[in-house]
Structures are given as C-alpha cells and as structure tokens.
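Report on one structure; see the data block that follows.
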Amino acid sequence: MTETTILTVPALEERVKAIFLRAGLNDVQAGAVTRVIVAGERDACKSHGIYRIEGALRTVKAGKVKPDAVPTAAVEDGSAIVRVDARGGFANAAVELGIPLLAERARAFGLAALVVNDCSHFSALWPEVEAITAQGLAGIVMCPSYATVAPTGGSKPLLGTNPFAFGWPRKDSAPYVFDFATSVAARGEIELHRRAGKSLPEGWAIDADGNPTTDPEAALAGAMLPFGGHKGSAIGTMIELLAGILIGDLTSPEVLDYLGTTTLSPFHGELLLAFSPEAFAKGRPGDPFARAETLFETIVGQGARLPSQRRFAARARSASDGIALTAAEIAQLDRLLEKGLDAIV
Ligand code: NDP
Ligand code: PYC
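Everything in the sequence shown is counted per numbering that gives the first Met the number 0, starting at 0 for the first residue and increasing by one.
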C-alpha cells in the first residue's frame with residue numbers, strides 16, 4: 000500500500016506558501032498562487048494542484064514571470080471594462096485585485112468585463128469563476144495557452160488547450176460551475192499519464208506525423224486534439240480572438256514563440272465577464288434564480304450530475320478528513336522548500 004501523509008488545508012497552504020516565499024515571490028504573488036494551487040489539491044484536481052509548483056518555479060527561474068510584481072487596476076468613469084495590468088506577474092494576484100471592481104461594474108451596468116494583461120497563467124479557471132458567483136453574479140472566464148492543439152482537419156499545434164469556465168450563483172448551495180480545456184484533455188493530464196507510465200485514451204492526440212497516438216511522449220511531441228471535433232476547434236479559436244486579439248494580448252502561437260517551450264507557464268492575457276441576473280431579467284416574468292433551480296433539479300432528477308459536484312464533494316472531504324499526499328509528493332515539497340530555485344534543473 001502507498002504510504003500517505005494527511006495534511007489539513009491550512010497546513011498545506013502554509014507549506015506551499017513557504018516554498019514560494021523561499022523562491023523569491025513577494026507576499027501578493029505567493030499568497031495568490033498558493034491559494035489556487037492548494038484549492039486544486041483540495042478539490043481533487045491533480046492536474047492543477049501541487050504538481051504545478053515546479054512549473055511555476057521553473058518559470059520564475061527562467062525569468063519569464065516577475066516574482067515581485069504588484070498588479071495595478073484601472074477603471075474609467077462610465078466604463079464597464081476593468082483593466083488589470085499584472086505587470087508580468089502570475090495571473091492569480093491580478094484576478095484577485097480585479098474581481099471586486101468587476102463585480103461593482105457588473106452591478107452598475109448589468110454586464111462588465113475584466114481584462115487582465117501581461118500575466119503568467121498556469122491555473123484552473125474555476126477558482127476565478129467561483130469568485131464571480133460568490134458576488135451573486137454569473138460569470139464566464141477564458142484564456143489562451145500555448146500552441147499545442149491542432150485545429151480539426153489540421154495536423155500541427157496551433158491553438159492552446161484554451162480553458163473555458165462558466166458559473167451561475169445559487170442562493171442555498173454551491174454554484175453551478177463548469178470549467179474545461181477546449182482540447183479533449185488538459186495538457187497537465189497528458190504529462191501526468193507520462194509520469195505514471197500510462198497510455199493515453201484513444202482520441203486525445205496525434206504524433207508529429209499526424210497519426211493517432213496513445214503514447215504520451217509522442218503526443219507531447221505531436222499535437223493534442225480539440226474536444227468535440229470542429230465544435231471545440233471553433234470555441235478554441237473564439238478564445239484566441241476574445242482573450243488574445245480582442246484584448247491586445249498574445250495568442251497561443253505567439254505565446255509559444257515568446258517562450259520557445261511548453262515547460263514554462265504560458266504568458267498572455269485573460270478575459271472575465273460578469274452578468275447580473277437581476278439586471279438582465281428585470282421586467283420579465285419569473286425570478287431567474289428560482290427558474291435556474293428548476294432547471295438544475297430537472298437535470299439531477301434524470302440521474303445526471305451537475306458539473307463540479309465531484310469537486311465540491313472532494314472539497315467537503317478535504318475539510319473534514321484533510322488532504323492525502325503520497326510520500327513522493329511530500330518529499331518533493333520538502334525538496335522545493337529546502338533548495339528553492341536550486342531544486343529546478
Ligand atoms: P474535465 O474534463 O476534468 O472536467 C470538465 C468539467 O466537466 C468539470 O467542471 C467537471 O466537473 C465536469 N464533468 C466531468 N464529468 C462530468 C459528468 N459526468 N457530468 C457532469 N459534469 C461533468 O476538465 P479538463 O480536463 O478539460 O480541464 C481540467 C482543468 O484544467 C480545468 O480546471 C481547466 O481550467 C484547466 N486548464 C487550464 C489551462 C490553462 O491554460 N490555465 C489550460 C487547460 C486546462 P468535476 O470537476 O466535478 O468533475
Ligand atoms: O493543462 O493544458 C493545461 C495547461 C496549460 C497551461 C496550464 N494548464
């Protein structure tokens with residue numbers, strides 16, 4: 000049986016934050032990055048949990064993210080667009096700064112946008128969309144990544160794994176949230192299969208010659224495939240347009256040109272939208288929150304599950320039982336704390 004260590008959520012936060020502070024991040028960056036990584040581990044999202052610490056530190060060591068960045072926000076009077084300049088730091092601190100401003104604008108205008116520019120982004124999007132639903136607003140979040148996905152009908156990496164998340168606030172329960180890569184799987188999943196020596200399921204990727212492959216190494220050297228064929232390919236392209244070109248930031252192929260590798264966290268921008276259900280439904284029959292509950296009850300009534308239910312169940316388990324880490328994971332945390340950036344080769 001694999002030996003495991005159980006840590007409480009605050010204990011894991013303390014360890015992870017200490018690693019980032021030791022590696023030279025300021026308090027703003029270390030706090031925000033720690034919160035999102037520990038949330039991933041807590042919610043059983045291993046592809047964006049503590050496994051991401053090493054990549055974040057590698058990006059710091061390569062000089063492709065500013066560990067001491069302090070993001071700044073700007074909102075013009077009468078505008079529904081909030082702009083946050085991440086100033087070359089990780090996206091997470093910039094998003095934390097921007098969300099309260101986004102919420103205030105969405106309440107004033109019904110719909111508002113948060114544009115984050117010049118950030119390094121390695122994380123899952125559900126913590127960001129949940130920060131919007133926590134304000135009683137519906138939200139959409141999207142960002143590019145780096146060119147690793149072939150468009151449907153093509154054979155070379157061009158689009159990113161471009162995550163897309165949506166959230167709807169619920170008054171008496173956890174929000175309705177989905178968050179997925181627009182590729183069949185997140186790239187982190189391919190890397191986790193490689194590390195575990197496991198084959199990929201069919202249909203995830205093609206090799207460098209454009210042939211289907213289940214070998215993670217060949218997939219990483221070739222291209223991943225969009226989910227849902229031409230439909231995922233089009234949504235991935237929309238994300239390049241809205242969260243890249245529209246906001247004056249890098250597209251996934253430009254990110255890869257800039258970094259020259261997929262071993263560092265991608266550097267680009269991000270678009271977050273917030274909608275006030277009360278403002279949109281004003282003057283129309285029915286309460287939007289009550290109508291949404293009817294929809295959710297009907298979905299569940301058919302035996303289907305709502306997205307994020309697995310995550311919310313894992314969150315509750317982590318709060319009561321703690322988070323189980325393997326001996327190898329604990330050893331890696333200890334090594335990163337002891338050696339700092341010297342642990343990164
Ligand atoms: P998954 O396919 O694991 O999950 C996608 C969503 O579908 C989740 O909300 C999940 O909820 C839900 N879901 C899964 N199975 C069912 C089901 N049977 N019925 C209803 N809902 C279901 O996600 P991906 O692997 O595509 O992405 C994983 C993460 O990677 C995301 O958080 C994404 O943001 C992140 N990512 C980040 C990138 C970046 O550049 N920053 C790039 C690509 C991905 P549940 O969690 O409860 O299972
Ligand atoms: O898992 O595809 C991914 C990913 C890319 C950047 C951050 N996560």
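Note that CB positions come from ideal geometry on N, CA and C, so glycine has one too. This one's a predicted model, so the numbers in the text were calculated from it and none came from an experiment.
Would the C-beta of residue i count as close to the ligand PYC, meaning under 8 Å from any of its heavy atoms?
{"i": "residue 243", "result": "no"}
{"i": "residue 257", "result": "no"}
{"i": "residue 186", "result": "yes"}
{"i": "residue 175", "result": "no"}
{"i": "residue 276", "result": "no"}
{"i": "residue 225", "result": "no"}
{"i": "residue 162", "result": "yes"}
{"i": "residue 89", "result": "no"}
{"i": "residue 159", "result": "yes"}
{"i": "residue 229", "result": "no"}
{"i": "residue 121", "result": "yes"}
{"i": "residue 47", "result": "yes"}
Hey, would you say residue i sits closer than 9 Å to residue j, going by beta carbons?
{"i": "residue 313", "j": "residue 133", "result": "no"}
{"i": "residue 92", "j": "residue 70", "result": "yes"}
{"i": "residue 272", "j": "residue 100", "result": "no"}
{"i": "residue 174", "j": "residue 141", "result": "no"}
{"i": "residue 21", "j": "residue 335", "result": "yes"}
{"i": "residue 274", "j": "residue 90", "result": "no"}
{"i": "residue 164", "j": "residue 125", "result": "yes"}
{"i": "residue 158", "j": "residue 232", "result": "yes"}
{"i": "residue 5", "j": "residue 320", "result": "yes"}
{"i": "residue 222", "j": "residue 156", "result": "yes"}
{"i": "residue 36", "j": "residue 8", "result": "no"}
{"i": "residue 143", "j": "residue 239", "result": "yes"}
Going by the DSSP bridge assignment, what does residue i pair with across the sheet?
{"i": "residue 177", "result": "165"}
{"i": "residue 116", "result": "84"}
{"i": "residue 205", "result": "211, 222"}
{"i": "residue 71", "result": "84"}
{"i": "residue 273", "result": "111, 138"}
{"i": "residue 22", "result": "In the DSSP output, where bridge partners are listed per residue, residue 22 has none listed."}
{"i": "residue 325", "result": "3"}
{"i": "residue 158", "result": "148"}
{"i": "residue 267", "result": "118"}
{"i": "residue 307", "result": "DSSP lists no partner for residue 307."}
Any heavy atom of the ligand NDP closer than 8 Å to the CB of residue i?
{"i": "residue 34", "result": "no"}
{"i": "residue 301", "result": "no"}
State the Cα-Cα distance for the pair residue i and residue j, rounded to the nearest angstrom.
{"i": "residue 253", "j": "residue 259", "result": "10 Å"}
{"i": "residue 97", "j": "residue 318", "result": "28 Å"}
{"i": "residue 214", "j": "residue 74", "result": "48 Å"}
{"i": "residue 192", "j": "residue 199", "result": "7 Å"}
{"i": "residue 12", "j": "residue 297", "result": "38 Å"}
{"i": "residue 346", "j": "residue 102", "result": "Beyond the ends of the chain as shown, which are 0 and 344, falls residue 346; an answer cannot be given."}
**Report entry** Cβ pair count under 8 Å reaching 3, the stretch 146 to 157 against the stretch 113 to 127
**Finding:** Output reads no: the stretch 113 to 127 does not touch the stretch 146 to 157.
Query raised in the report: Is the stretch 204 to 217 close to the stretch 247 to 259, with three or more CB pairs under 8 Å?
Result: No, because fewer than three Cβ pairs between the stretch 204 to 217 and the stretch 247 to 259 fall closer than 8 Å, the two stretches do not touch.
Query raised in the report: Touching or not, the stretch 175 to 185 and the stretch 277 to 287, by the rule of three or more beta carbon pairs under 8 Å?
Result: Cβ pair count under 8 Å is below three, so no.
Query raised in the report: With a cut-off of 8 Å, do at least 3 Cβ pairs link the stretch 120 to 130 to the stretch 50 to 66?
Result: These segments touch.
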